[in-house]
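Novice: Using the working numbering, the first residue of the sequence shown is number 44, and each one after it goes up by one. Backbone N, C-alpha and C define an ideal beta-carbon position, used for all residues, glycine too. All figures in this text were calculated on a predicted structure; none of them were measured in a lab. Before I ask anything, let me first share the structure, which is written out below as structure tokens.
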Amino acid sequence: MEFQLYTTFPTELETEWNALLEESLTHVPFLRHEYLDAWWQTRGGGEWPQAELAIVAARRAGALVGIAPLFKAVNRNGKPALLLLGSIEISDFLDLIVRPGDLAEFAGELLAYLAGSPQVPAWQELDCYNLFDSSPSLAALQAAAKARGWAYRCEVLQQAPYIPLPGDWETYLAGIDKKQRHEIRRKMRRADEMGAAVQVRFTDDPQRLEDDVEGFMTLMAQDPEKAVFLTPPMRQHMRLVTRCAFEAGCLQLAFLEINGEKAAAYLSFDYLDRMWVYNSGIDQRFIEYSPGWVLLGHLLRWANENKRSEFDFMRGNEDYKYRFGAIDRHVVRVLITKDS
Numbered sequence: 044m045e046f047q048l049y050t051t052f053p054t055e056l057e058t059e060w061n062a063l064l065e066e067s068l069t070h071v072p073f074l075r076h077e078y079l080d081a082w083w084q085t086r087g088g089g090e091w092p093q094a095e096l097a098i099v100a101a102r103r104a105g106a107l108v109g110i111a112p113l114f115k116a117v118n119r120n121g122k123p124a125l126l127l128l129g130s131i132e133i134s135d136f137l138d139l140i141v142r143p144g145d146l147a148e149f150a151g152e153l154l155a156y157l158a159g160s161p162q163v164p165a166w167q168e169l170d171c172y173n174l175f176d177s178s179p180s181l182a183a184l185q186a187a188a189k190a191r192g193w194a195y196r197c198e199v200l201q202q203a204p205y206i207p208l209p210g211d212w213e214t215y216l217a218g219i220d221k222k223q224r225h226e227i228r229r230k231m232r233r234a235d236e237m238g239a240a241v242q243v244r245f246t247d248d249p250q251r252l253e254d255d256v257e258g259f260m261t262l263m264a265q266d267p268e269k270a271v272f273l274t275p276p277m278r279q280h281m282r283l284v285t286r287c288a289f290e291a292g293c294l295q296l297a298f299l300e301i302n303g304e305k306a307a308a309y310l311s312f313d314y315l316d317r318m319w320v321y322n323s324g325i326d327q328r329f330i331e332y333s334p335g336w337v338l339l340g341h342l343l344r345w346a347n348e349n350k351r352s353e354f355d356f357m358r359g360n361e362d363y364k365y366r367f368g369a370i371d372r373h374v375v376r377v378l379i380t381k382d383s
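Structure (structure tokens):
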């Protein structure tokens, strides 16, 4: 394999990058070229103000076979580290970008390149957050580290619950706890019977996108923790990501409107026949309508009726996810410490 280091974001690789991702061992929206380009523009919404880009691409006979989308920064251990672009807080699932058949060779040669190339910025740790606990990269990186005599550690970070969908609303409801099934039906029916005009609206008009994104962030900011989260750089990240997702045809920005006002919203990616739920917001003035639950119920019905295979809540073990029938998987952190 022939390796090349990119210290500015390689816009020229977009077509090859996304084509490789489609065949990669982990195919998630957070690894698409345009998403990571937007992430880098704001340094993760301001999470990494001091960072150097260090994307490594590998070719064989001219064809792109692997990408390690990395950047260099001081990590949470206080060490100079190479981290995956997207780390840590706002990109739920990350990984190397490589076909399964090329993984072992790519991982081994990648570590050799990172250790031996004078072009790579000095580092002590390769710090990979938010890999699936089932990712083949874990074993490949462990074997590559062992071959070099480097320390390898893998730790579970948090749950990432999801709902496998049967493709039918009533079948889905029949598969969850009876009490919760009754509660979902009751709240959805009650919202319709309270006398207000209640509707679900999806953002599909490019002329409304900007206003809807601002309205979504206004709803988010009613939660005190989310208000702190929504710094100016983070707001800019949200604008960039929603715009590129809309242009790629995979944005689902959904509102529950009551008497024409935005009462609740969910921002998701509709990608690979799955729903990836990114964030949400509620207007507390409409709390008597249970707008979050009602909108979530409508979105699950939509996902079933439109034959989506999964409803992915992504990271976080909030109780409501399990009430709607989610089951757990986990994301992990892999830390490789280079021999001094």
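1) The alpha helix (DSSP H) that contains Ile379, what's its start and end?
2) Output yes or no for whether 8 Å exceeds the beta carbon distance between Met44 and Phe175.
3) Looking at C-alpha atoms only, which residue of Ser180, Gln162, Tyr156 is the closest neighbour of Phe136?
4) For Arg265, which residues in the same chain have their Cβ closer than 6 Å to its Cβ, ignoring the five residues on either side in sequence?
5) Roughly how many angstroms separate the alpha carbons of Glu348 and Leu342, rounded to a whole number?
6) Is Leu126 near Asn118, with beta carbons less than 8 Å apart?
7) If you reduce the DSSP assignment to three classes, tell me which class Gly340 lands in.
8) Take Arg282 and list the residues in its own chain whose beta-carbon comes closer than 7 Å to its own, dropping the five residues that flank it on each side.
9) Write down every uninterrupted run of the alpha helix (DSSP H) in the region 216-297 whose length is 4 residues or greater and which is fully enclosed by it, in chain order.
10) Which of helix, strand or coil does DSSP assign to Ala94?
11) Starting from the N-terminal side, write out each stretch of the alpha helix (DSSP H) that is 4 residues or longer and does not extend beyond the region 152-197.
12) Nearest to Leu79 by CA position, among Glu304, Ser333, Cys287, is which residue?
13) From the DSSP secondary-structure annotation, give me the bridge partner or partners of Val71.
14) Can you give the Cα-Cα distance for Trp319 and Ala188, rounded to whole angstroms?
15) By DSSP, does Ile133 sit in helix, in strand, or in coil?
16) Can you tell me whether DSSP reads Phe128 as helix, strand or coil?
17) Sorted by chain position, which residues of the same chain lie with C-beta nearer than 6 Å to Ser323's C-beta, five sequence neighbours on each side aside?
18) Does Lys364 come out as helix, strand or coil in the three-state DSSP assignment?
19) Enumerate in chain order the residues of its own chain whose CB-to-CB distance from Ala165 is below 7 Å, with the five nearest sequence positions on each side excluded.
20) Alpha carbon to alpha carbon, how far is Cys293 from Leu315?
21) Can you list, in chain order, the residues of its chain with a C-beta nearer than 6 Å to that of Gln162? Leave out the 5 residues immediately preceding and following it.
22) In whole angstroms, give me the CA-to-CA distance for Arg366 and Asp220.
23) Assign Glu66 to one of three DSSP states: helix, strand, or coil.
Specialist: Looking at the atomic coordinates:
1) Note, Ile379: premise wrong, no alpha helix (DSSP H); beta strand (DSSP E) at 373-380.
2) no
3) Ser180
4) The amino acid at residue 265 is misidentified as Arg; the sequence shows Gln. Contacts found: Gln327.
5) 10 Å
6) yes
7) helix
8) Val256
9) 221-236, 249-263, 267-272, 275-290
10) coil
11) 180-191
12) Cys287
13) BP columns for Val71 are empty, so no partner.
14) 32 Å
15) coil
16) At residue 128 the sequence reads Leu, which differs from the Phe that was named. In this structure, Leu128 counts as coil in the three-state DSSP scheme.
17) Tyr309
18) helix
19) Pro123
20) 9 Å
21) Leu48
22) 8 Å
23) coil
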